[in-house]
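Per full-length UniProt numbering, the very first residue in the sequence shown carries number 1; after that it's consecutive. A virtual CB, placed ideally from N, CA and C, is assigned to each residue, including glycine.
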Amino acid sequence: MSGQATSSSTATTGPTKSQCGLANSDDTVLHMDLEVYSLAQRPELAPLLEDFDGAWPEFMTWDPIASLYYAVADEVYPEFVLVAIDPANPGRALARAYSVPLAWDDAEPLPPGGWDRVVQRATLNRLAGTKATIVSALEICIQPDQRGRGLSARMLEEMRDHTVRLGYHTLVAPVRPSGKHTRPDEAMTTYVARTRADGLPEDPWLRTHVRAGGHIESIAPRSMTIPGTLAEWRAWTGLPFDTTGPVHVPGALAPVHCDTTHDYAVYVEPNVWVRHPL
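Shown next as structure tokens:
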């Protein structure tokens, strides 16, 4: 699979445009123009962010911390929300990217609480009026029918460049390795240590981050915690959740713990901290 994206230097007030070479399954290169805007530039694009059906496993949308960010992102963090569109079909977003500014001392280790902790810290900083010092990625999401075409790398590049334009010099990311769901019982430390012959990570999404200039820093063992009743988990997954113990859920990076005696199940997702010096 081959593909190339080149971007022109763009002022903060204008879109970033690129000519992307997208490879299909026959290795023929499809060309398309891609424009990336922040919601601060194009607030009318906000409704397009909702149209990503099937982009995430249903259970992943039920992290109780997530609403602290997503419920206010359009209004409070519009410059940290990116939308990618094809100008030939501007009524549909091809990709979206979310990040958030927060105050974090470079000497302080990145938190084991990962994604959830970043959202909590950013929210507390905003309410207290504390000046942010770094930016954390929260999500880069590609439409399911557009995956495998290099858009994830393109959006990561956009996020890095946009973070610099906003005046920050560090982007961190609690990365959800794209292949970890195939090894749910393997410790994340073991999974991250898997490398190819060229020394790059075996995992495709971690490899993309490293190629972009990121450094794998640590594991966030409890990056997202998603609790629910057994009825909720059955609705989210279609699985019976009728036996106490670990349950393997499609798309989960680790088993979900089920407790039938107390009528709940909880998923604790590990992520990988990657730091991008900019």
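- The Cβ-Cβ distance between Y98 and L138 falls below 8 Å.
- Only residues of its own chain outside the window of five on either side were considered, and among them G114, W115, P174, V175, R176, A220, S223 have a CB closer than 7 Å to the CB of N271, listed in chain order.
- Beta-bridge annotation (DSSP): G129 is not paired with any residue.
- Under the 8 Å Cβ criterion, the region 197-204 does not count as touching the region 83-98, having fewer than three qualifying pairs.
- The alpha-carbon of V100 is positioned some 21 Å away from that of I85.
- Unbroken alpha helix (DSSP H) runs of no fewer than 4 residues, entirely contained in the region 169-227, are found at 188-192, 204-211, following chain order.
- V274 sits away from G199, with the two beta carbons spaced by 8 Å or more.
- The region 89-125 is shown to contain whole beta strand (DSSP E) runs of 3 or more residues at 89-102, in chain order.
- Contact check for V266 against T225 passes: the beta carbons are separated by less than 8 Å.
- Annotated three-state conformation of A137 is strand, per DSSP.
- Contact between the region 54-64 and the region 243-258 is present: 3 or more CB-CB pairs across the two stretches fall below 8 Å.
- In the displayed model, A40 falls within coil according to three-state DSSP, outside both helix and strand.
- With respect to the 8 Å criterion, L171 and M159 are classified as neighbours on the basis of their beta carbons.
- Rounded to whole angstroms, L45 and Y37 show a C-alpha spacing of 9 Å.
- Looking at the DSSP output, W273 shares a beta bridge with P174, S218.
- P87 carries a coil assignment under DSSP once its states are collapsed to helix, strand and coil.
- DSSP places D74 in the uninterrupted alpha helix (DSSP H) bounded by 73-76.
- Contact annotation: I134 and L102 have beta-carbon atoms nearer than 8 Å.
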